[in-house]
Amino acid sequence: MAHSSFGTVGKEKRRFARQPTLQTAHVRFGEGAAIFSEIRDYCQNGLYVALLEEETLDAALPSLVGTPVRVEFSVAGSATYRCNGRVARVSPGGIGIFVAAMQEDALHALRRSSARLVQTRPAQGGAKLSPHQTQALQQECSNLFRSFLNVVMQDFFQWAVERLGQAGQDESSFLERSRYDYGAQELMQRRNRIEDDFYNAIRDRIQDIGPVQEASCGASADNPLALVEEAEFEDWLNLSSVIRQAEADVALSLGTFEQRYSLLAGIPIDRKNNPFGPEMIGRTFQIAIQGLDFSNPMRTVLYKALGQAISGHAAALYQQLNQALTALQPAETVKPAHASGSGASMSKPAAAATRSDGSAGSKPDLAEIADTLNALYKQDQTGIAQTPESAEYSLDRILAGLEQTQRRTPQAAVSPLPAQAPYPGGAAMSQAVRPEVLQVVNRLQQTARQLAGRVEPSPPPDGTQHNDGTALPEARLRDLLLALDGLPMVGQPAAGMPSLADQLAARIASAGGNANRLASTHRQILDTTADLFARARADVVPRSDIESLVKRLERPLLKLALQDTHFPNLPDHPARQVLDLIEQYAVAADDKGRFFDTKLQRFLYLLVDRVCSQADSDPGIFGMVRDSLEKVLLPILQIRRTRVARLQEACEGKERIRSARTRVNAALEQRLAGREVPAMLLRLLDAGWRQYLVLLEMRQGAQGDAWNAALAVLDQLFGWFGPTPADAPRSTESAQVLLAEIERALATVNVDSKLLAAFMNELDASLTDSATQSVPGRAMVQVPPGRLASSDERSAVPAHRQLADRLRVGDWWDFSVDGNRIPMQLIWISQPPANCTFANRSATSKTDFTLAELSRQMQRGTAMPGKDLDLPLIERSEQSLFDDTYQSVMQQAMHDPVTGLLNRKGFLQHLNRMAMPDQADRTHAVGIIEFDQFRMIVNTCGEDVAEKLTRSLAREVGAHIGPDAVLASFRDDTFALMLPNCKRVEGCGAIDSLLDRVKDYSFQHGQHSYSIGFNVGITEFDPDRFSAAEAIRRADSACITAKSQGRNRMQIYDQASPQLQSQESLMDWAGRIDSFLKGSGLHLRCQQVMPLGWGNTRLPYYEVLLGIEGEGGVEILPGHFIPAVERL
């Protein structure tokens, strides 16, 4: 029905369901003239009448509440029927009339009019369907509805538990909090029963659909006048509020569906008996949870969670249902020729809201947008509470301002944003290059797969091959788009859930008789685009109006990405700009993401609904919607800039006051600190003289005659009441002159006349009686240093200079408030830097910090630099996707794939970070751990078992080295660790403890049992003395030395140790022996051996010796070389 309520005044306690009709009538208020009107709906005790004549002023309607009224009408030329009542509700263009006792003949006449309205609809539009076609369409609608309900119930139970927990925390009573906690548990325990009852009831309602029943809320059919229990009626109202909101979110598409389904079912369908509507869902759910012992506030929490779940997916549902029932397009209702005025004016904007304007370059006029909004969303705006901040973001004011601008510049079109060059159509370039950022992301993802060891072609996924192994044909784009229409948009899939591309591939692969597979190019587009949208949703306030709008756009934009290779790559693509512009409207919303102005919210929903309903048939709709969004967004952004400027001025003014007060305090400190001062002088400062000095400083500075005169007053009082007599004579005349000067100055700052008079009387008495030593004014007070000006005020060195250098006006920060992330922009920094101010997205609130306070917030993690919200949403999402992909690649490059620990490269990088300037003068313990028996386990049990053992050892070692230690995996049998800020002696104690707990680690595999021993080498890493690579080498050398001594040994690296020297010498030889053996350092030489005596008969001979020549021609003795070769 066009009018879901008679107004917004009070809570409506309607007992009877209303029937739609379209009956001309005349309304007479009191003894006034008859007004031509139209009865739009009725029930047993009321009517809703639309006033059609132009002279009927909406502004005058509220004054009619309670006025007696008579309605006269005639059905099909029969007798004239009269209904007497009073005005109960009002809305622009119509009134709700309460009829205490409607005559039976009038009620039957209205029923005949309603039935006649329904009977004429099939003849006005839509194709005639066979029973088989009708049944097929009804089954298709049921299937779409069941998929929708599955997603809705999944979201509902998730959100309901969260909302119950949050509501319980708000309760002050422990008993009430416990009741909410128990309620959440009971809800999940009975989930299966609730879902079964709910689905069964929904199925029955679809199968047994009938005309609207005039059932009353809580009253039995036998006694329609029975009173309703107050708690029951309150529960009914709470659910009705949620249902009305859900219906308002999809009013246009829901109304279209009800018209089409009426033709399909052959009976009138409206909000009350629509088996696919929010009303039926809500009432059925209410019955399904009757068995729960929940209070009304708890049930309200459940209703709101259900309403949120419905609103999140309803737009997509009714779009699919309307597409399924396209053949049942009803004709537009023809209004009577005399029905001009407000009734006739509705036809133009209503038609504009649903048509697809195919003309090139057509743009909706602002007046058309306003008319459409007023026609589709009539509501009494007086019920909406407006604050001064939110009133500035009113759509009515924005449109009025734009209209005035157009009148002033009639020759020039309004151009809110720089004109965009037209982008080439996607159909002309099927192989167009994807966006540059996404190209880099794809290459990084390929690198990540290579690092993960997935370079080899993986087997084809299930459902992509015939039984004989041949590949299925690739799905056509048309089939792909149809399958995408049937998938529910659930956002980012949960862990373990298939991605959107996987769901789509499964759907097209399981299609009966026409199984196809998803092309790799389509999969890549879907994966990348879906990831971008998921990041875009994560970048807006959860459960906000903006998030709802972004979710509605996801399906048409995914379909566009498959068809148009320029989306989302081109920054000036209209569809991309639509999404970016929608997100910028967060400027007109509060910190929870709710729009200040309801009309602005509905304006955006109207435009998004246009995209969802027309994008398939008219791609130009994106350009038209973009233009509308740009026109309205420009003044909204200007409003925020103006508000930020005001806040900056206020902050600067406040800072000037603070600075002036600081300088005044410093002047008083210099003049009075460390002295005995008359008490009356200090009282003068408190009475307003200090404030008078502050204002003088701000107006004239700390110089000039007025400033000097004000300080001279203090000197005069000091002379009057000080311990040393004044040089000038004390006379009554001089006292009166001083009093007059003080009173004149204080009168400019002190607003309490009584307090000022009392002080002046006391000062007058003290001055007049100054010769008496016992008067209060002669009391002296010692002023300690720092009493008049704090050390912080007098300090010239600003604190947190490093933080101040990082702050830039315009940067966005994220603040955590009550567990919610609130983005705020830095809009002002004092000079010199000491204070700063942040404003929220709408600039309707600000938060002031000193740099010390901001630093503490950062340390607590409640304040941190955030994303640049001035960048478009898609660009931020692209940057986020790139950053995450890059980090993923770095994660794999720096980590061991088996254990997830740092690998050698990652461990070396971590050690290098320990050499940064902020880590100076710190030493760390670095160790190498090597396990034995790994080769035997690999040969006996296989690589998989060895990897399982490695993971077990990593968990065991990690559990005993402390949370600050860093563990890395170099090989399957070798770990490295670092104990930060740990001397060698302390590290030895930790390693000894580790040895005692982990040595002879028992590993069981099948019938085989192994005792794993390990050896540890440890060294002290001092970044100022040697490099990270040298630290690893020393620890490895110590580990080899420990291994030579047996299993489960630890060796500390000590350059003076003979064992280590021998081991390092051996390792040094190991690197040179191969080159020597290849002939580059070995040579043969000979020497003659002959007898020394003449009588010796032995003959001379030659000895052939091995010669070793080292670097630089240094000769190496064979006695050093040969033992090393023998050991290696």
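Okay, so the sequence shown: first residue is 160 according to my numbering, each after it adds one.
For every residue, glycine included, the Cβ atom is placed at its ideal position computed from N, Cα and C.
With a threshold of 7 Å on Cβ separation, who are the neighbours of residue i within its own chain once the five nearest residues in sequence on each side are excluded?
i, result
"residue 260", "none"
"residue 226", "188, 189, 245, 246"
Could you check where the beta strand (DSSP E) with residue i kicks off and where it finishes?
i, result
"residue 202", "193-202"
"residue 866", "Counting along the chain, residue 866 falls outside any beta strand (DSSP E), though it belongs to the alpha helix (DSSP H) covering 864-880."
"residue 981", "979-988"
"residue 1022", "1022-1024"
"residue 487", "That residue, residue 487, is in no beta strand (DSSP E); it is neither H nor E in DSSP."
"residue 1266", "1260-1268"
"residue 1141", "Per DSSP, residue 1141 belongs to no beta strand (DSSP E) and is neither H nor E."
"residue 1183", "Where residue 1183 is concerned, there is no enclosing beta strand (DSSP E), given that its DSSP letter is neither H nor E."
"residue 1211", "1209-1211"
"residue 939", "939-941"
Give the range of the alpha helix (DSSP H) segment to which residue i is assigned.
i, result
"residue 1167", "From DSSP, residue 1167 is part of no alpha helix (DSSP H) but of the beta strand (DSSP E) over 1167-1171."
"residue 291", "290-328"
"residue 715", "704-722"
"residue 857", "849-859"
"residue 681", "679-697"
"residue 1097", "1093-1100"
"residue 468", "455-483"
Just mark residue i as buried or exposed, buried being the case when its beta carbon has 16 or more other beta carbons within 10 Å.
i, result
"residue 1200", "buried"
"residue 415", "buried"
"residue 1258", "exposed"
"residue 687", "buried"
"residue 439", "buried"
"residue 786", "buried"
"residue 979", "exposed"
"residue 1205", "exposed"
"residue 776", "exposed"
Looking only at its chain, what residues have a beta carbon closer than 6 Å to the beta carbon of residue i, apart from the 5 residues adjacent to it on each side?
i, result
"residue 551", "798"
"residue 974", "981, 983, 1022"
"residue 361", "443"
"residue 553", "756"
"residue 177", "200, 202"
"residue 1164", "1100, 1104"
Residue i to residue j, Cα distance in whole Å?
i, j, result
"residue 1040", "residue 976", "27 Å"
"residue 1044", "residue 789", "33 Å"
"residue 428", "residue 422", "9 Å"
"residue 247", "residue 228", "10 Å"
"residue 1053", "residue 1067", "10 Å"
"residue 736", "residue 730", "7 Å"
"residue 357", "residue 475", "21 Å"
"residue 1098", "residue 1108", "14 Å"
"residue 965", "residue 1119", "40 Å"
"residue 1056", "residue 695", "31 Å"
"residue 1268", "residue 1242", "8 Å"
"residue 120", "residue 312", "Residue 120 cannot be examined here, being either before or after the span of the chain that is shown, 160 to 1287."
"residue 210", "residue 483", "36 Å"
"residue 1027", "residue 631", "46 Å"
"residue 858", "residue 872", "19 Å"
Please work out which residues of its chain come closer than 8 Å, Cβ to Cβ, to residue i, disregarding the five sequence neighbours upstream and downstream, and give them in chain order.
i, result
"residue 1161", "1168, 1169, 1170, 1171"
"residue 393", "455"
Is residue i near the ligand GDP, going by C-beta to nearest heavy atom under 8 Å?
i, result
"residue 1132", "Summarising the ligand content, the structure contains no ligands, and the ligand GDP is consequently not present."
Spell out a yes or no on whether the region 738-758 and the region 791-806 are touching, meaning 3 or more CB-CB pairs, one atom from each, closer than 8 Å.
-> yes
The region 848-856 contacting the region 902-915, beta-carbon criterion three pairs below 8 Å | yes
Kindly confirm or deny that the region 1008-1022 and the region 700-711 touch, where touching means at least three C-beta pairs closer than 8 Å.
-> no
Inspect the CB distances between the region 995-1003 and the region 817-824 and report whether three or more fall short of 8 Å.
-> no
Per the contact definition of three or more C-beta pairs closer than 8 Å, is the region 290-307 in contact with the region 444-451?
-> no
State whether the region 1061-1075 contacts the region 1187-1194, with contact taken as three or more CB pairs (one from each stretch) at a distance under 8 Å.
-> yes
Cβ pair count under 8 Å reaching 3, the region 707-726 against the region 763-779 = yes
The region 392-407 in contact with the region 467-484 per 3-pair CB rule at 8 Å | yes
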